[in-house]
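Residue numbers (the UniProt record's numbering): 1 to 568. Since the structure comes first, as structure tokens, the remarks are kept for the end.
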């Protein structure tokens, strides 16, 4: 089946912080003589605390418009350079790797600084979603096909990290750590995980109000109170879990805690010290205890995980302090999920180097840090092949695009980080996961809960006994931990191009047979045309040549009737 890019159109929209970002609609066609058209939209997020090694987000720099944050240049490059080049070179949209390689070569820079990662990702993602529609696949299934297995034996639904208290660059308060999150490790399903998280979130709001603390929300929907210390934040989180009727804890608990420290934000490059600047400003008399060396930071984390049910810490040290990460892994790597975000910036080369040096045991995945679908999936593959955990992540400046939910399921990532259970741009991702879980109820989908943290040294039998909540239990026969087949390992493809093309054709025909309806109106007798039914995910209309003929006939009929109306 022939695929063709018909049109790509980008435009400027606003993200959840009210800053401009790029949206893109891609239109692809299938067929030669009788074409069907499929459209899909992608919206690109934006980060507040960004890593040094992230791909470049192109902004206009015009102080007279959006305070210099406009993206008209990125939009222009999509519409007048990227789209034109893709169409003129007849790039096949169904070959994602080739398309993304073309985009990378077209930009010609190491960090996508010419056209911007925000422009390139918008195109890469929109085209992928359009092709998924053309193939009659949910986007998560298409992602699975790009990972090498379009029809896995099961899809794994991700354990959420739910942001409930914001600090650092995400909030104007006295807390230096950037995110404090609930992880509903005892949930037996995605629906239960979302319910537990929402109930704990509301219990936390009540607790903050009773203490006379601010319940305004930060960029990612978590509360942004002025609390005196990290320990004070953790204490109120624990009491809120209990207030909601759940047990805080790991093995015998139902809700654990995850942290995103974003330590690079308060690391002093000159002194090589970590300075808790926000806390020092609020309580200058404690400055001596709020300035720490790398060794003291590691000691501090060890104290915290001994006292609190913390299962995951993201960016606990500066992104360039790799020797410190090695020491941290030696001390806590079997007890704690140590996540690299700014450390790796979703860059496959840097992630592979991190695997080789054993600086972490998990990777945070943000598409806009690297700028294409293919590079994002390659980073996930590298991490999985190393036995690391993967966490699909949103950004602080988000949109209502729900692609990361599908990518988390399609790659069997096991975990997702997409904000609090408030603010619609965050809720959209949770609601998409709930929708996917419903779609997969008749097939073999699983939710692993705490077992998603499969790189840690837990007793699986104990986990299995304790992980389900009292209300719902784990489905009978569900395995204790992910098997190798759940996390596809990318191996060298020994098939010839002809074999791959033939298998792809057969697979596509089977999908089209299951997802098509005959259209006969407007065609000659004996002819018929198959048109894929539209997906409800985005609501885009699918146009065909026969549709256009029908519309033309209807318009002519209306015109003739109007001419026959008597004039008053």
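Glycine included, every Cβ here is placed at the ideal spot set by N, Cα and C.
In the structure shown, the three-state DSSP call for residue 166 is strand. Residue range 190-210 is occupied by the alpha helix (DSSP H) that includes residue 200.
With contacts defined as CB atoms closer than 8 Å, residue 75 and residue 59 fail to qualify as a contacting pair.
Only residues of its own chain outside the window of five on either side were considered, and among them 115, 119 have a CB closer than 6 Å to the CB of residue 77, listed in chain order. Residue 32 carries a coil assignment under DSSP once its states are collapsed to helix, strand and coil. Distance check between residue 335 and each of 305, 269, 400 places 305 closest, using alpha-carbon atoms only.
Residues 43, 424, 425, 428 of the same chain have their beta carbon placed closer than 8 Å to that of residue 400, with the five preceding and five following residues left out of the count.
Assigned with DSSP and collapsed to three states, residue 160 falls in strand.
Residue 57 carries a coil assignment under DSSP once its states are collapsed to helix, strand and coil.
For residue 340, the uninterrupted beta strand (DSSP E) segment begins and ends at 337-340. Rounded to whole angstroms, the Cβ separation of residue 91 and residue 5 is 7 Å, and the two are in contact under 8 Å.
Under the three-state reduction of DSSP, residue 267 is assigned to strand.
DSSP places residue 260 in the strand class (E or B) of the three-state scheme. Residue 85 sits away from residue 131, with the two beta carbons spaced by 8 Å or more. DSSP places residue 308 outside any alpha helix (DSSP H), giving it a letter other than H or E. Taking the CA atoms as reference points, residue 309 sits about 5 Å from residue 249. With contacts defined by Cβ atoms closer than 8 Å, residue 383 and residue 418 do not form a contacting pair. Proximity to residue 318 across 343, 329, 326 peaks at 343, based on C-alpha coordinates. DSSP, reduced to helix, strand and coil, places residue 414 within a strand of the structure shown.
Between the alpha carbons of residue 126 and residue 286 lies a gap of roughly 50 Å. Judged by DSSP secondary structure, residue 183 falls within the beta strand (DSSP E) whose first and last residues are 179-183.
In this structure, residue 365 sits near residue 391, with a CB-CB distance shorter than 8 Å. The alpha-carbon of residue 104 is positioned some 15 Å away from that of residue 89. Under the rule that a run must span 3 or more residues, the beta strand (DSSP E) segments found entirely inside the UniProt domain "Enolase N-terminal" (5-143) read 20-30, 36-43. Under DSSP, the beta-bridge partners assigned to residue 389 are 362. Excluding five sequence positions before and after residue 29, the CB atoms of its chain that fall closer than 6 Å to its own CB belong to 4, 6, 35, 37, given in chain order. DSSP places residue 398 outside both helix and strand once states are collapsed to three, so it counts as coil. The beta carbon of residue 440 sits closer than 7 Å to those of 155, all from its chain and outside the five residues before and after it, given in chain order. In its chain, beyond the 5 residues on either side, 374 have a beta carbon closer than 7 Å to the beta carbon of residue 97.
Per the Cβ contact rule, the region 209-218 is not in contact with the region 133-147 (fewer than 3 Cβ pairs under 8 Å).
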